[in-house]
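These protein sequence lines map, in sequence, to chains H and F.
Just so you know, we're using the working numbering here: the first sequence kicks off at 145 and counts up by one.
Just so you know, we're using the working numbering here: the second sequence kicks off at 518 and counts up by one.
A quick write-up on the structure given underneath.
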Amino acid sequence: DTGVSQNPRHKITKRGQNVTFRCDPISEHNRLYWYRQTLGQGPEFLTYFQNEAQLEKSRLLSDRFSAERPKGSFSTLEIQRTEQGDSAMYLCASSFTSGDEQYFGPGTRLTVT
Amino acid sequence: AQSVTQLDSQVPVFEEAPVELRCNYSSSVSVYLFWYVQYPNQGLQLLLKYLSGSTLVKGINGFEAEFNKSQTSFHLRKPSVHISDTAEYFCAVSVSGAGKSTFGDGTTLTVKP
């Protein structure tokens with residue numbers, strides 16, 4: 145078990161470009177979560193999957209954001225037409241079920257210039 | 518909706534002194550409660566969790582927390598801190614049976630020699 149991994153660790157992009165992040169959860173975990181963390185704040189929930197089904201999306205998640213978990217394993221988070229306000233750390237976590245510990249990855253730091 | 522308030526944004530303390538990091542939550546339904554620690558440039562790591570049962574929960578690295586339903590609090594304590602405890606600490610709540618966690622804005626614990 146190598147834990148939750150995220151790629152890339154850092155991404156710098158120009159405003160208006162599209163970016164895609166990948167998360168590989170712990171292999172036995174059914175649930176996968178995406179959070180966004182900005183400086184001085186705690187993680188904010190974006191969306192989560194149980195297996196391949198996306199069960200909840202935050203109202204924070206605009207139409208420019210889309211997430212997938214096509215085979216119930218890894219997940220991707222895509223941001224289209226990035227804006228400077230999208231600059232943040234994007235965290236992925238996984239767990240067995242609700243109430244269980246969420247195991248977090250190291251995050252992907254996005255900087256939009 | 519649930520909310521979490523961490524009452525202190527920064528807590529400086531001398532090595533070997535006791536520390537308490539305060540967390541209050543708001544929810545109209547049963548919740549699970551968590552404390553996570555985040556070291557610089559790393560992901561979040563679970564310190565301890567309360568799901569049910571005994572209100573005093575012991576975690577890793579000598580930390581413990583007490584669930585107080587009447588005061589809707591879940592304060593984190595350690596009787597004697599070390600330099601290595603310097604980190605950001607997050608309190609989180611999730612609704613029983615649901616997926617996402619709601620985090621507080623964090624408390625920066627700085628342990629001085």
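Just so it is clear, CB atoms sit at the ideal spot from N, CA and C, and this is done for glycine as well.
Computed from a predicted structure; not experimentally measured.
Asked                                                                                                                                                    : Found
CA-CA distance, Gln562/F and Glu605/F?                                                                                                                   : 11 Å
List the residues of chain F that Phe248/H touches, going by C-beta distances under 7 Å, in chain order.                                                 : Gly560, Leu561
What are the residues that DSSP puts in a beta bridge with Ser149/H?                                                                                     : Asp168/H
Could you name the residues that DSSP lists as bridge partners for Ile156/H?                                                                             : Thr255/H
Which residues in the same chain have their Cβ closer than 6 Å to the Cβ of Arg225/H, if we skip the five residues on either side of it in sequence?     : Gly160, Arg208
Assuming Gly251/H and Leu235/H are in contact, meaning their beta carbons sit under 8 Å apart, how far apart are those beta carbons, in whole angstroms? : 5 Å
Please check if any C-beta of chain F sits within less than 7 Å of the C-beta of Phe189/H.                                                               : yes
Please determine, among Cys608/F, Thr625/F, Pro596/F, Ala582/F, the residue with the shortest C-alpha to C-alpha distance to Ala534/F.                   : Pro596/F
In whole angstroms, what separates the C-alpha of Asp478/F from that of Pro214/H?                                                                        : For chain F, the structure presents residues 518 to 630; residue 478/F sits outside this window and is missing.
From the DSSP output, which residues share a beta bridge with Tyr542/F?                                                                                  : Val521/F
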